[in-house]
Structure formats: C-alpha cells, structure tokens
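Heads up: the sequence shown runs through residues 1 to 179, numbered per this note's numbering.
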Amino acid sequence: MTRPESIAGGCLCGAIRFKITFPKEEDWPPQSNGICQCTMCRKHSGSLLPQCCGFPWANITPHFASNPAYKTYSSSVHVYRGFCGTCGSALTCNEKSTPDIVEINLGAFDEDVLCGTRDEEKAWEDEYGRHVPRTGGVGKELCYPRYHLFWENAIPGVTDDFAGKKYLQDRAKGEAFTG
Ligand SMILES: [Zn+2]
Ligand SMILES: [Zn+2]
C-alpha cells in the first residue's frame, strides 16, 4: 500500500478538523497503533475497545490547540485527553512525557479514510439492503492493532478475541505475551 499524501479527520460536529501528512518513508504505515482496555480510556471514549495511534504533532495541521472548540482534561498526572467542547467527541490522548506525539482516536478519521469512497453509481440492492462498493481507504494499514494494553480488563467472550501482542497493564509494567 502506497503512502497517502495525507489523511483527514474531525469531530462529529465538524468544529474540529485536521489533516495528517506522512513526509518520511518510515512514517507509513504508522506503527504506534494499539487498543487500550483500561478504564480511563473506556470512560473517556465511551467504547469498550478504545483504539488510538500516535502521530507527531509536527505532521498535523492545524494544531488542535489553535481551535477554541478543542478542550482538554487532565485524566492523571501523566496523561491529558482532548475532546470537542461542542459535540463531545473524544479525540486525543496525550502522554505528558512525550509532548511531540499525540495519540488520535482512530474513529475520528473520516469514513473515506477508514472505509474508502462510496461509488453510488455502482450500488445495487437485494434482500439485505443497499450495497455501495467502495474504492480506496487505508483502514487496514492505519488501524490494524499492533498491541493490546490492559488485557487484564478484557471481557471474556466479548473483547478477548484478538491475535497479537498483549500487555496485562501498560507497556512499561511488564513483558508482552501472545495467545
Ligand atoms: Zn465537535
Ligand atoms: Zn488506556
């Protein structure tokens, strides 16, 4: 998959929009992509499977902090989280120890980025509904989870069916395992 020039996203109401570029070969596909089942990520996102990916602030325009709709909440001494003050969309997770990197919640990316662009002219209908073929999209490259944090909070039969690298808590607190 070739590196996209840029990908776009924003909050639900559109007050916050952003674009991320990938100027260097090693920027794509992003490697810092994981699902965190910790209670704070769940509460902030409202999702059982909060997933975000880290990007350098330098590659993001405009900087979220320049938008008055962007609000932050300090969820612990180490982390603050960003959201839209108008519609409430949870957007970012920021480690205070790595101020050059922002982790963006992957659901904030636009539908054509995640799923491809809808080709309405080629749509068809059957008993299941309307099928609209899509072209493009970088969902798999962008979103395939490379690790799982706080596996201790996985809900049996609901959120524990993933392959790949798992950590019981945070990455700093122990070795990864698979299975
Ligand atoms: Zn909004
Ligand atoms: Zn978390």
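A virtual CB, placed ideally from N, CA and C, is assigned to each residue, including glycine.
Q.
Strictly closer than 5 Å from CB to any heavy atom of ligand 1: give me those residues in the order they appear in the chain.
A. The answer, residue by residue, is Cys11, Cys13, Ala15, Cys84, Thr86 and Cys87.
Q) Would glutamate 103 pass as a contact of cysteine 52 if the rule is Cβ separation under 7 Å? A) In contact: glutamate 103 and cysteine 52 (Cβ atoms closer than 7 Å).
Q) Where do the N-terminal and C-terminal ends of the alpha helix (DSSP H) with aspartate 112 fall, by residue? A) Where aspartate 112 is concerned, the enclosing alpha helix (DSSP H) starts and stops at 111-115.
Q: Look up tyrosine 147 in the DSSP assignment and give the residues it is bridged to.
A: For tyrosine 147, which the question treats as bridged, DSSP gives the partners Gly34 and Lys165.
Q) If you measure from the CB of cysteine 52, is any heavy atom of ligand 2 nearer than 6 Å? A) No - ligand 2 has no heavy atom lying nearer than 6 Å to the Cβ of cysteine 52.
Q. Can you pull every residue whose C-beta falls closer than 5 Å to some heavy atom of ligand 2, listed in chain order?
A. That gives Cys36, Cys38 and Cys41.
Q: Leaving out five residues on either side along the sequence, give the residues of the same chain with a beta carbon under 8 Å from the beta carbon of glutamate 95.
A: Taken in chain order, the residues that qualify are His78, Val79, Ile101 and Glu103.
Q) If you count every other CB in all the chains shown that lies within 10 Å of the CB of tyrosine 167, and 16 or more means buried, which is it? A) By the neighbour-count criterion, in which 16 or more other beta carbons inside 10 Å mark a residue as buried, tyrosine 167 falls on the buried side.
**Q.** Close beta carbons around glycine 139, own chain, < 7 Å, minus the five adjacent residues each side
**A.** So the qualifying residues of the chain are Leu114 and Cys115.
Q) CB leucine 49 to CB threonine 159, shorter than 7 Å? A) Going by C-beta atoms, leucine 49 is nearer than 7 Å to threonine 159.
**Q.** Identified DSSP bridge partners for arginine 130
**A.** In the DSSP output, where bridge partners are listed per residue, arginine 130 has Glu125.
Q: Within 10 angstroms of the Cβ of tyrosine 128, are there 16 or more other Cβ atoms? Answer buried if so, exposed if not.
A: Classification for tyrosine 128: exposed.
Q: Could you round the C-beta distance between proline 156 and glycine 34 to whole angstroms and report it? I think they count as a contact, below 8 Å.
A: Actually they do not touch by this definition, with Cβ atoms about 20 Å apart.
Q. Helix, strand or coil for lysine 173 per DSSP?
A. Shown here, lysine 173 sits in a helix according to DSSP, grouped into three states.
Q. Going by Cα to Cα distance, which pick from Gly179, Asp110, Thr117 and Cys143 is closest to phenylalanine 18?
A. The residue from Gly179, Asp110, Thr117 and Cys143 with its alpha-carbon nearest to that of phenylalanine 18 is Asp110.
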